[in-house]
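K.L.:
Below, the structure written as structure tokens:
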């Protein structure tokens, strides 16, 4: 094991990372609290400052993902679409199968220079989590209760507030709504069979209502919406393994789709695209896992 690998495996190194993250995170939260004074005076300045402050927190986790764990995010996309990533607001659809899916999304956002302003659709309880949850609150993250009758209006209202956001951002969304487990997958497939819906080997049934609300509310915010499909695998050809470190690869398949500017786009078309995206990501993951055997 080389010196760098040895340092990565030491508890003291882990302790230093934790201390720096907690200390810097609380400092960022404190400064964010003070910036509330700007909200009634200059809302856009408040947003720009908080984008810069927010970058300080997830960037540390991206560092751990890429440098400490050695995870490499590989993007397969249309070369003509690639230059537009990060230049326009985008809805990014991710798988929700592994613990680091959201980190891969942050890694993409960092690569395209929109990490500080990136948004997610997250559980309301996360808003009370120190550092990350508090940071999300000040960057106007969209929170939901997972109860459609309550979320129908509150989520749409939060999304509409982002229409005049001054910074470019990726809006990351997990259509499944919860992380994949075998138990959840069995229940999901039973529901699919009962309703005559397609069976997805590596995914849960998508929650199409949240996706449709997101598309409707963010329409015309940017001329394009990017749907990046994250097919992470536990390992891939060339992945390194050691007693202390498992290197993971995340294969990301990106597509750039134009959002129809017409506000009258039928809900059924949004739901249909959500299903098509899920089936396509499922096919991609089957291929990826097969190639890694």
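Residue numbers (the numbering used here): -10 to 282.
Where a beta carbon is used, it is the ideal one built from N, C-alpha and C, also for glycine.
#1: Going by beta carbon distance, what residues of the same chain come within less than 7 angstroms of residue 198, once the five residues before and after it are set aside?
#2: Given a threshold of 16 other Cβ atoms within 10 Å of its Cβ, counted over all protein chains shown, does residue 105 qualify as buried or as exposed?
#3: Using DSSP with H/G/I as helix, E/B as strand and the rest coil, what is residue 88?
#4: Within this structure, are the beta carbons of residue 38 and residue 27 separated by less than 9 angstroms?
#5: Is it true that the CB of residue 10 sits closer than 9 angstroms to the CB of residue 51?
#6: I need the boundaries of the alpha helix (DSSP H) containing residue 79, first residue and last residue.
#7: Quick check: what's the CA-CA separation for residue 129 versus residue 152?
#8: Pick from 132, 59, 72 and 123: whose alpha carbon is nearest that of residue 21?
#9: Below 8 angstroms on the Cβ atoms is my guess for residue 206 versus residue 149; work out the distance and round it to an integer in Å.
#10: So residue 133 and residue 110 are supposed to be a Cβ contact under 8 angstroms. How far apart are they, rounded?
#11: For residue 147 and residue 202, I'd like the C-alpha separation in whole angstroms.
#12: Using 9 angstroms as the threshold, is the C-beta distance between residue 12 and residue 127 below it?
#13: Is residue 3 close to chain D, meaning its C-beta is less than 9 angstroms from at least one C-beta of that chain?
#14: With a threshold of 16 other CB atoms inside 10 Å of the CB of residue 177, please say whether the residue is buried or exposed.
#15: Return yes when the Cβ of residue 120 is within less than 9 angstroms of the Cβ of residue -7, no when it is not.
#16: To which residues does DSSP link residue 161 through a beta bridge?
P.N.:
The answer reads as follows:
#1: Within the same chain, residue 198 has close Cβ partners 137.
#2: So residue 105 ends up on the buried side.
#3: Of the three classes helix, strand and coil, the one that applies to residue 88 here is coil, per DSSP.
#4: The answer is yes: Cβ separation under 9 angstroms.
#5: Cβ distance not < 9 angstroms, so residue 51 and residue 10 don't count as in contact.
#6: No alpha helix (DSSP H) holds residue 79; the beta strand (DSSP E) holding it covers 79 to 82.
#7: Each residue's Cα considered, the two are about 12 angstroms apart.
#8: Answer by Cα proximity: 123.
#9: With a Cβ gap of about 5 angstroms, residue 206 and residue 149 count as contacting.
#10: That belief holds up - the Cβ atoms of residue 133 and residue 110 are roughly 6 angstroms apart, short of 8 angstroms.
#11: Straight across, the Cα-Cα distance linking residue 147 with residue 202 is about 11 angstroms.
#12: Not closer than 9 angstroms, so no.
#13: Judged by its chain identifiers, the structure shown contains no chain D, having just a single protein chain.
#14: With 16 or more other CB atoms across the displayed protein chains lying within 10 angstroms of its CB, residue 177 is buried.
#15: No, Cβ-Cβ distance for residue -7 and residue 120 is not below 9 angstroms.
#16: Under DSSP, residue 161 shares a beta bridge with 81 and 109.
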